[in-house]
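Contents: one structure, followed by commentary.
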Amino acid sequence: MRRLSSSYKPNTSIFFLFAVILIAAGCSLEKQSGFNRTMQNLTAHYNILFNANEILRLKQESYAASFPDAYSEILNVYPDTTVQTGTPDKDLEEAVVKANKIISIKEQSHYLGDAYLVLGKSRYLEANYFDAVEYFNYVTRSFGKQVNLKQEALVWKTRGLMYLNQLPLAKLVIDSAVQDINPKKNITADVYATKLQYDIITQNYAEAEEMAKLAIKYSYISNLKLRWTFILGQLQELNLKPADAYESYTRIVKSNASFEMAFNANLNRIRIRDNQNGIKVNKIDLLRALLKNSDNTDFFDQIYYQIGEQQFKAGEIDNALKSYKKSVRVSTKNQNQKGLSYLRIADINFKNKADYVSARLYYDSTLNNLSINYPGYQLIRKKADNLQILTRLLETISREDTLQMLAALDEKARDAKIDEMVARKTRQQQQAALEASASAAANANNGAMPNAFDRNNNSSSSNKNSGSTFYFYNNGAVSQGYNDFKRLWGNRKLEDNWRRSRRSNTGIPTANTGIGGSQVNDPDAPVGSVAYNSTNVSAGTYRQDLVKNLPLTPALLQQSNFRIYNAYFEMANFYRDILEDKKEAIATYETLLTRFPQNSDKPSIYYNLYRLYADVDSAKSNDYKNRLLKEYPESIFAKVILDPDYARKMADVDAEFNGFYNQVYDLYSQKQYTQVIEKANDLLNKYPDNRYAAQLYYLKTIAAGHMEKLPPFQADLQLIAAKYPQDKLIAPLVNQHLAYIDSNKTEIAARPVVLFNDDPNEIPFTPPVAYQKQTEYRPPYTPSAQNVTPQERLPERDTRVIAGAKTSAPQIQQAAIQQPKQLAVGQIPLPQHQMPDTSRDIAAQPVPKQIDTIATAPAAAINKTPAVNYIFGKRDSTNYYFVINVASGTTNLASTRFGVGQFNRTRYTRSEVIHHVKTVGDNNQLIYVGRFYSLADAKDYARTIVPLLPDIMKVPRDKYSFFIITKENLDKLATQSILDSYFDYYQKFY
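Going letter by letter, the sequence shown gives residues -8 to 981 in this note's numbering.
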């Protein structure tokens, strides 16, 4: 015992010493030493960093599993992002905590850069791309010597920049990564894949194909390798390499790719395959064969869609329409495919069937089903929002083409064709009437739906417990549900698109439906047709309209072609500027060249096609450029191409001439009429083709009118009308003056001088104010706005090259008198159009583009900023004004106001549409025009005056903007800050 006891004490001392050593070592881990670095590297790498990267890997896999691939478009290279939400992702936040742990307590380890990379990846996967890019920037700056780490940071930074739409910077970053690539490293495939995504976004498909091949070559991840192989096939299709694409898709079909990817690869193979073993392949039969496989049930919608595509290409429009509708009906889970099918139905109704009402409904369904992130979604929304504009233009073209077709027939054939058209029109109206009648009857029977349920329930009531919780077995629940539905939606017919109705009151007969009315015979309908002795249809009116508007003379044919030409030109500009749809803009411009090869706007069309093809087909772009330089070397468009600084020079000239015109007008407002004539003549001699030439001639003429009798004054007006027939500001005014003189010639000829009003700023021949005012005996005269001359639009330049430029007005050639002979469509001479002026580009306004439905802003993204409380409202809904804001408190606006008055005088004769000036702060003057009794009226006014503002405004283009406002809100504009606040309000709510 003694020995045991004596040996026990030394052991206790040893244990105590060992514990002290461990505590001391633990307290010294923060010291800089090789041991501490080794320990921190060990724990940081194999514990914290490993777990953090594992979290990121699992998160990416979960994103990939739920990623909504759109196989009808080029796939995303990486399916690893999600929409940002306000709630942090707990898994990603755990990865952030682990990375911060390395940074805070493992500062001696070699993995600090990896920790910051984890932070960046976590923010990227949360869709917080801005913070992610900042972390990747820090990694490249602070840990640039770690080559692999830097390469990985550059890759992820590029991906973040692409989501932020900072493409130029993304290109610089990924180019650096490609330049420093090391084929032996695992990151190599990701470098090429990221460059692939950039090339797809920028539509550089040739380069993208090469990047896809390299990414596949160096990839070690099978799922991504298969995905990139599918993308390679898509790119090879776009690069017109169907054989290579077929081979790529075949590799997918024969691989262990997901069923959905393999199915779509096979679908694409069928679509691009033309021959098999030298025998022509029937693609529709191959597609229908896929319908026999029950495994493809969830993909039947895609199969029917592809069948419809093949039928559409073959010109079988009606069969294609049936296939697209079948695709919609069998759709089970793919909402994007359902939206695409709706889109094709809408396009066919719009372009091929001219059924604009149905087209609008199907465009609505398209937007309801397509994901907001789907490629082209915003373009479809713009098109749907602006459908009425395109409808108006296409209806004009269709109507004029029909009338010209009828006019070209002999009288007997023409009458037969008109009979056929009237019969078809009548059948359509009768069908619509029958549908409306059926809908009215169904909706009148309010118990119809419950009765149907009752029948079903009664048939099963014997077999079901009355206390069953199943909804459709519970009569009370069904009845309550029906009543709730009726209260919310009203009476709705059970049909497709039931949420939207073609009638303002579904099921309620209107005056023009003929439902419930007496039978009315139509004596003008073809004998024996369904319209004969039919219900109340307007066959007679339709027939009279056709006959009355037939272009049977050369002059009428020329006018018809003029309307077609203007509609095409306006539509092309609309596709280019508002919808930003290059494909449709190109097609429309080229249609103009085909149908009207001798038109006066060829330089403008060539230039637009040169610009539009620049990013699509460089060969065609150069072709139109060369045509322009060869055929029209002196045009403004050729000068812009040859001298990029030409636009600025022209802007300087216009700014200088604004000053000249204002000097002449100041003399006029001071009643210095002799000096006005002298100064105007001097300017017209020096600058015969200036853009204000017509206005100077007019100012000179009315100045002379204060000093001379009628004959010379009338002769001057006639000279202006002949010299400037296409001027949309002065020509209507002069024609109105001449008409007034013709109606009051005796009284005006007796005057000592034609014009003797005391206020020179007043437009000549304006009715006295006393005649404009309403009295109890004289109701106000309120006609709608009318345009005296046809609304010929002005071609515009591409503002990316010549923004802000102004041009001189061209020489206007007087049209030769046509001999009474029949001319071919392509030979009809068209009126000269003015050269483009980018100042007419509404998009250049600092206030929103959306003056009316022509320029509809894209759907707003989710706004993360706090809501802003405005002092403005929409309560004053019958008191609108159109406002021109001039950003200068010292500019004399007399000449500008005179121009606004000229415009109003020819378009609006009612006394309510007048203009006033309001000063806001020290630096803003508002010219407000009104009153308009509805927002639609104010938009109509804006649509008419905006294209003429560059000619009306005698201030620099960058000094004015425009908007619409109610009187209540206008009265609140007292300071610059309130005006700026209204601009923001206007952009959000108008």
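Beta carbons: idealized from backbone N, C-alpha and C, even for Gly. Note that the coordinates shown come from a computational prediction; the quantities given were computed from them, not determined experimentally.
DSSP places Ser925 outside both helix and strand once states are collapsed to three, so it counts as coil.
For the pair Lys719 and Asp942, the CB atoms are nearer than the 9 Å cut-off. Apart from sequence neighbours up to five positions away, the residues of its chain that approach Asp122 with a beta-carbon distance below 7 Å are Arg114, ordered along the chain. Counting only residues of its own chain and dropping the five nearest sequence neighbours on each side, Ile94 has a CB closer than 8 Å to the CB of Leu103, Ala106 and Tyr107. Within its own chain, the residues whose Cβ lies closer than 7 Å to the Cβ of Val87, once the five positions on either side in sequence are excluded, are Leu110 and Ser113, listed in chain order.
DSSP places His101 in the coil class of the three-state scheme, outside both helix and strand.
Counting the other Cβ atoms within 10 Å of the Cβ of Met396 gives fewer than 16, which makes it exposed.
Nearest C-alpha to Thr882 among Asp657, Val244, Ser314 and Gly864: Asp657.
For Leu746, the three-state secondary structure derived from DSSP is coil. One thing to note: Ile207 has its Cβ within 9 Å of the Cβ of Leu223. Boundaries of the beta strand (DSSP E) harbouring Ser952: Tyr951 to Thr957, taken from the DSSP string. Taking the C-beta atoms as reference points, Ser925 is found no nearer than 9 Å to Thr966.
Counting along the chain, His728 sits inside the alpha helix (DSSP H) bounded by residues Ile721 to Ser734. Annotation for Lys304: the continuous alpha helix (DSSP H) segment containing it runs Phe291 to Lys304.
Classified as buried, Asp410 has 16 or more neighbouring CB atoms from the shown chains inside 10 Å of its CB. Contact between Glu117 and Asp71 is ruled out by a C-beta separation of about 12 Å, above the 8 Å threshold. By the criterion of a C-beta distance shorter than 7 Å, Leu277 is surrounded in its chain by Ile261, once the five residues flanking it on both sides are discounted. When secondary structure is reduced to three states using DSSP, Phe873 falls in the strand class. Taking C-alpha positions only, Tyr365 is separated from Lys373 by approximately 14 Å.
Taking Asp346 as reference, the option from Gln326, Leu358 and Leu381 with the minimal CA-CA separation is Leu381.
At the C-beta level, Gln686 and Gly890 come within 9 Å of one another. Here the region 971 to 979 does not lie against the region 919 to 936, with fewer than 3 beta-carbon pairs under 8 Å apart.
Collapsing the DSSP output to three states places Thr323 in coil. Here DSSP, grouped into helix, strand and coil, assigns Val911 to strand. Pairing Ala398 with Leu570 gives a Cβ-Cβ distance that is not under 9 Å.
Rounded to whole angstroms, Leu964 and Gly880 show a C-alpha spacing of 15 Å. In the three-state scheme derived from DSSP, where H, G and I count as helix and E and B as strand, Val946 is classed as coil. Excluding five sequence positions before and after Tyr580, the CB atoms of its chain that fall closer than 6 Å to its own CB belong to Ala563, Ile596, Asn599 and Leu600, given in chain order. If you compare the alpha carbons of Ser591, Asn895 and Lys204 with that of Thr935, the shortest gap goes to Asn895.
DSSP, reduced to helix, strand and coil, places Leu701 within a helical segment of the structure shown. Beta-bridge partners assigned by DSSP to Gln916: Val877 and Thr910. Taken in chain order, no unbroken stretch of beta strand (DSSP E) lies wholly in the region 563 to 625 with a span of 3 residues or more. DSSP places Gln227 inside the alpha helix (DSSP H), whose first and last residues are Ser213 to Leu229. Here the alpha carbons of Leu312 and Tyr533 stand approximately 28 Å from one another.
In the three-state reduction of the DSSP assignment, Ile243 falls in the helix class, which pools H, G and I.
Beta-carbon to beta-carbon, Gln328 and Tyr296 are separated by about 6 Å, close enough to satisfy the 8 Å threshold.
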